[in-house]
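Start counting the sequence shown at 1; every next residue gets the next number (UniProt numbering). Idealized CB from N, CA, C, for every residue including glycine. Since we're looking at a predicted model, the values are computed, not measured.
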Amino acid sequence: MGKGGESAKRAADEGPINVYLHGKVVDVTRFIHKHPGGAKALRIFQNRDATEQFEMYHSPAAHKMLQAMQKEAPDAPADSGVATTEVGKDFAALTKHMHDLGYFKPDFFDETFKLALTIIPGIIGARLLHTGMPLLGAFLIGFSFYLSGWTSHDYLHHSVFKGTTKQLVHWNNAVGYLLGPLWQGYAVEWWRARHNTHHLVTNEDGNDPDIQTAPVFIYVRNNPKIAKALNAVQRWQQYYYVPTMAVLDLYWRFESVQYLAMRPFRKNIASWSLLAVHYAVLFYVFQVIMLCT
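In structure tokens:
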């Protein structure tokens with residue numbers, strides 16, 4: 001059976017996947033494995049309202065597709081929407097206010113400064129490796145790697161080049177790939193799988209991958225799903241938090257490569273190629289430091 005058949009069979013075995021969107025119960029069962037944001041995002045919102053999440057992530061083209069899917073959709077339960085709560089209404093008003101003030105519009109000079117602050121220290125650091133200052137050079141390269149994670153974050157969220165054309169999306173992705181796999185050493189595909197889910201269900205126990213860190217860190221107090229012995233760890237984790245976070249980069253690098261290795265190579269050629277260049281440069285930097293110290 002081909003992959004399409006396997007996906008269809010799996011969807012049938014799961015039963016209908018219904019998501020509440022704009023007051024309608026939308027059946028996304030046939031669409032779940034075609035969803036650009038991944039199947040997990042839709043499964044998380046099985047029989048839940050995802051209107052706010054949809055509005056946050058989707059383009060005008062996606063809105064047109066949703067309208068077609070909603071034509072025969074029944075009404076969702078009256079109390080299913082987050083926007084019906086007082087907190088939901090307050091956040092909707094705050095979001096509109098921020099949009100009206102223009103805070104969601106990118107600032108050209110600010111974005112240019114951030115990009116320069118990300119790349120220039122790395123270039124200077126590479127130069128210092130050959131001028132008798134390898135440790136300072138390595139520090140600047142490390143700073144550049146670190147900052148590239150936050151800068152690529154904005155591009156991969158398509159929040160820098162704004163517009164209605166798909167070409168602008170590609171420009172965002174292009175810079176994101178250069179800063180992610182090439183400059184920092186993380187695969188974009190891995191980052192999206194983790195980070196998009198984090199934004200969908202931020203700090204939601206059991207769904208947000210950024211807080212699924214037990215037994216090392218436990219962010220939910222007295223979690224009934226975790227053994228009491230592990231909950232007791234919470235009283236000590238403030239002492240080893242910083243040292244552990246210092247080596248988190250190594251784990252994320254491993255997890256990033258592992259994520260790619262579990263998926264078809266031909267679909268991730270760009271990330272594999274850029275990661276190869278990144279690690280070749282990183283190996284060279286370590287060689288220079290070892291020879292000069």
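| said: What ranges does the alpha helix (DSSP H) occupy inside the segment 155-208, keeping only unbroken runs of at least 4 residues that lie completely in it? | reply: Fully enclosed alpha helix (DSSP H) runs of 4 or longer: 166-177, 188-200.
| task | Determine the contact status of A62 and V285, defining contact as a CB-CB distance below 8 Å. | result | No, these two residues do not count as a Cβ contact at 8 Å.
| Could you give the C-beta distance for residue 303 and P243, rounded to a whole number, given that I count them as a contact under 8 Å? | Because the chain in this structure spans residues 1 to 293, residue 303 falls outside the shown range and cannot be described.
| field | Terminal residues of the alpha helix (DSSP H) in which N231 lies | value | N231 -> alpha helix (DSSP H) spans 228-231.
| Do you know offhand how far I226's Cα is from H158's? | Near 37 Å, if we compare the C-alpha coordinates of H158 and I226.
| Rounded C-alpha distance that separates R266 from Y103 | When the Cα atoms are used, R266 and Y103 turn out to be separated by approximately 39 Å.
| query | Taking the alpha-carbon positions, what's the N268 to G37 distance? | reply | About 16 Å.
| request: Closer than 8 Å by C-beta to G132: which residues in its own chain qualify, once you throw out the five before and the five after it? Chain order, please. | output: Within its own chain, the residues whose Cβ lies closer than 8 Å to the Cβ of G132, once the five positions on either side in sequence are excluded, are C292, listed in chain order.
| field | From R43, H22, R194, T112, residue whose alpha carbon lies closest to that of R30 | value | Comparing Cα positions, the closest option is R43.
| Between which two residues does the alpha helix (DSSP H) containing L21 stretch? | From DSSP, L21 is part of no alpha helix (DSSP H) but of the beta strand (DSSP E) over 18-21.
| Per DSSP, what kind of secondary structure is D27 in: helix, strand or coil? | If DSSP states are grouped into helix, strand and coil, D27 belongs with the strands.
| message | What does the alpha-carbon distance come out to for the pair A202 and S59? | response | According to the sequence as given, residue 202 is Thr; it is not Ala. When rounded, the distance between both Cα atoms is 21 Å.
| request: Answer with buried or exposed for W190, where buried requires no fewer than 16 other C-beta atoms within 10 angstroms of its C-beta. | output: A residue is called buried when at least 16 other Cβ atoms come within 10 angstroms of its Cβ; W190 meets this threshold and is buried.
| Going by Cα to Cα distance, which pick from G23, K64, S148, V281 is closest to R48? | Per the C-alpha coordinates, the member of G23, K64, S148, V281 positioned closest to R48 is G23.
| Anticipated Cβ contact below 8 Å, T112 with S144, distance rounded | For a cut-off of 8 Å, the C-beta gap from T112 to S144 is around 16 Å, too long to register as a contact.
| Are the beta-carbon atoms of L94 and A187 separated by less than 8 Å? | At a Cβ-Cβ threshold of 8 Å, L94 and A187 do not count as neighbours.
| task | Determine the burial state of P121: buried for a count of at least 16 other Cβ atoms within 10 Å of its Cβ, exposed for fewer. | result | Buried, since its Cβ has 16 or more Cβ neighbours within 10 Å.
| query | A73 to H97, Cα distance in whole Å? | reply | Put simply, the backbone Cα of A73 is about 32 Å away from that of H97.
| Under the three-state DSSP convention, the category D249 falls into | Looking at D249 - three-state DSSP - the assignment turns out to be helix.
| Sheet register partners of residue 299 (DSSP bridge) | An answer regarding residue 299 cannot be provided, because it is not within the stretch 1 to 293 covered by the chain.
| task | Within 10 angstroms of the Cβ of P215, are there 16 or more other Cβ atoms? Answer buried if so, exposed if not. | result | Exposed, because fewer than 16 other Cβ atoms sit within 10 Å of the Cβ of P215.
| Between which two residues does the alpha helix (DSSP H) harbouring Y279 extend? | Counting along the chain, the unbroken alpha helix (DSSP H) around Y279 starts and ends at 269-292.
| message | So if DSSP puts D49 in a beta bridge, which residue, or which two residues, is it bridged to? | response | Answer is Y20, bridged to D49.
| request: Pull up the distance between the alpha-carbon of K89 and that of D208, whole angstroms please. | output: So the alpha carbons of these two residues sit roughly 24 Å apart.
| task | Report, in whole angstroms, the separation of the C-beta atoms of Y155 and L179, which I expect to be a contact under 8 Å. | result | Correct: roughly 7 Å between the Cβ atoms.
| request: Measure the C-alpha to C-alpha separation of K64 and H35 and round it to an integer number of angstroms. | output: Counting only the Cα atoms, H35 lies some 15 Å from K64.
| said: Give me, in chain order, the residues of the same chain whose beta-carbon lies closer than 6 Å to that of Q53; leave out the 5 immediate sequence neighbours on both sides. | reply: The beta carbon of Q53 is closer than 6 Å to those of L200 in its chain, skipping five residues each way along the sequence.
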